[in-house]
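Student: Numbering (this note's numbering), first residue to last: 11 to 197. Note that the Cβ used here is the ideal one computed from N, Cα and C, for glycine as well.
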Amino acid sequence: MPRTRRAVASSMRQVSRPTILTAVSPHQILIVGSGDVAASLESISATLGWAPAVVTTEADVTSRLPDAESVVVLSHDENLDGPALAAALTSSASYVGAMGSRRTQERRRDWLLANGVGAGLADSIRGPAGLDIGAETPAEIAVAIIAEVIAFRRGAADAGFLSDRSGPIHVRATPGSSECPGDTVVP
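(1) Taking only three categories from DSSP, how would you classify Pro62?
(2) Thinking C-alpha only, which one of Ser85, Pro76, Leu75, Gly137 is nearest Gly45?
(3) From the DSSP output, which residues share a beta bridge with Pro38?
(4) Roughly how many angstroms separate the alpha carbons of Arg163 and Ser73, rounded to a whole number?
(5) How about the stretch 110-121 and the stretch 64-71: do they share at least three Cβ pairs that are nearer than 8 Å?
(6) Are the CB atoms of Ala94 and Val83 within a distance shorter than 7 Å?
(7) Tell me the start and end of each unbroken alpha helix (DSSP H) in the stretch 114-172 that is at least 4 residues and wholly inside, in chain order.
(8) Please determine, among Asp91, Trp60, Ser101, the residue with the shortest C-alpha to C-alpha distance to Pro76.
(9) What distance in whole Å lies between the Cβ atoms of Gly137 and Ala157, which are believed to be in contact at a cut-off of 8 Å?
(10) Report back the beta-carbon spacing between Glu52 and Pro62 to the nearest angstrom; my notes put them in contact at under 8 Å.
(11) Does the Cβ of Gly128 have 16 or more other Cβ atoms within 10 Å, making it buried, or fewer, making it exposed?
(12) Mapping the DSSP letters down to three states, classify Val18 as helix, strand or coil.
(13) Below 7 Å CB to CB, which residues in the same chain sit around Ser50 once its five sequence neighbours on both sides are set aside?
(14) Just list the residues that DSSP pairs Val106 with in beta bridges.
(15) By DSSP, does Ser44 sit in helix, in strand, or in coil?
(16) Ala48 and Ile54 - do their beta-carbons sit closer together than 7 Å?
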């Protein structure tokens with residue numbers, strides 16, 4: 011839910027009733043990690059009118075987390091992603107997602123449990139983050155993650171969340187088969 015501020019304004023003319031102006035603060039998304047996916051997430055978030063913050067240290071996570079409504083962890087450094095996820099899970103952020111394979115998600119979960127985070131909280135991470143749109147490039151992965159954040163914020167229950175699926179994230183079709191996008195099979 012967007013954060014709002016209310017203000018009462020009146021003009022120089024005599025006004026019989028005050029006018030209430032409501033300003034919606036931009037959605038605050040904290041992007042933990044660096045690289046092409048982080049850059050794409052930052053760019054797409056800004057295009058949506060959100061307020062992205064990209065951080066790469068635990069100290070930066072701590073300083074920026076209080077304002078974050080969504081947190082996306084892209085790091086594969088357990089010295090950063092574990093503490094960032096632990097902090098995000100106990101923050102007021104309504105969405106906490108993490109990029110990475112199912113094996114990476116399991117490794118993070120084990121770290122969280124070993125460091126005092128309860129199983130219920132650890133299991134609430136949206137990971138692998140993103141909608142299942144077949145994303146492969148950094149920009150496509152960023153689109154999939156942003157789409158999941160939007161779906162999650164809007165309450166879209168069956169939007170094709172990767173974290174709700176089992177099996178590999180990327181299914182590779184055999185070139186020339188009817189399942190391989192972009193290939194034309196001619197009899």
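Tutor: Inspection of the coordinates gives the following:
(1) Within the sequence shown, the letter at position 52 stands for residue 62. Here Pro62 carries a strand assignment [DSSP, helix/strand/coil].
(2) Along the sequence shown, one-based indexing puts residue 45 at 35. Closest by alpha carbon: Ser85.
(3) What you label residue 38 is simply residue 28 of the sequence shown in a count that begins at 1. Residue 38 is actually Gln in this sequence, not Pro. DSSP, once it has assigned bridges, lists Ala61 as partnering Gln38.
(4) As a first step, residue 163 must be located in the sequence shown, where it is residue number 153. As a first step, residue 73 must be located in the sequence shown, where it is residue number 63. The straight-line gap from Cα to Cα measures roughly 24 Å.
(5) Judged by Cβ distances under 8 Å, the stretch 110-121 makes no contact with the stretch 64-71, as fewer than three pairs qualify.
(6) Along the sequence shown, one-based indexing puts residue 83 at 73. Along the sequence shown, one-based indexing puts residue 94 at 84. Yes, they are a contact pair.
(7) Here the runs fully enclosed are 129-132, 148-164.
(8) Counting from 1 along the sequence shown, the entry for residue 76 is found at position 66. Of Asp91, Trp60, Ser101, the residue nearest in Cα terms is Ser101.
(9) Residue 157 sits at position 147 when you count from the first residue of the sequence shown. Residue 137 sits at position 127 when you count from the first residue of the sequence shown. Not a contact, Cβ separation roughly 15 Å.
(10) Along the sequence shown, read from residue 1 onward, the residue named residue 52 stands at position 42. Along the sequence shown, read from residue 1 onward, the residue named residue 62 stands at position 52. Sure, about 5 Å apart at Cβ, within 8 Å.
(11) By one-based count along the sequence shown, residue 128 stands at place 118. Residue environment: Gly128 is assigned as exposed (fewer than 16 neighbouring CB atoms within 10 Å of its CB, all protein chains considered).
(12) Residue 18 sits at position 8 when you count from the first residue of the sequence shown. With a pLDDT of only 44 at Val18, under 50, the local geometry of the prediction cannot be trusted, and no value is derived from it.
(13) Taking the sequence shown and counting its residues from 1, one reaches residue 50 at position 40. Only Pro148, Ala149, Ala152 meet the Cβ criterion.
(14) Here residue 106 is taken as the residue at index 96 of the sequence shown, counted from 1. For Val106, which the question treats as bridged, DSSP gives the partners Val81.
(15) Residue 44 sits at position 34 when you count from the first residue of the sequence shown. It is coil, neither helix nor strand.
(16) Translated into the one-based positions of the sequence shown, residue 54 becomes position 44. Translated into the one-based positions of the sequence shown, residue 48 becomes position 38. It is not a contact, given that the beta carbons lie outside the stated cut-off.
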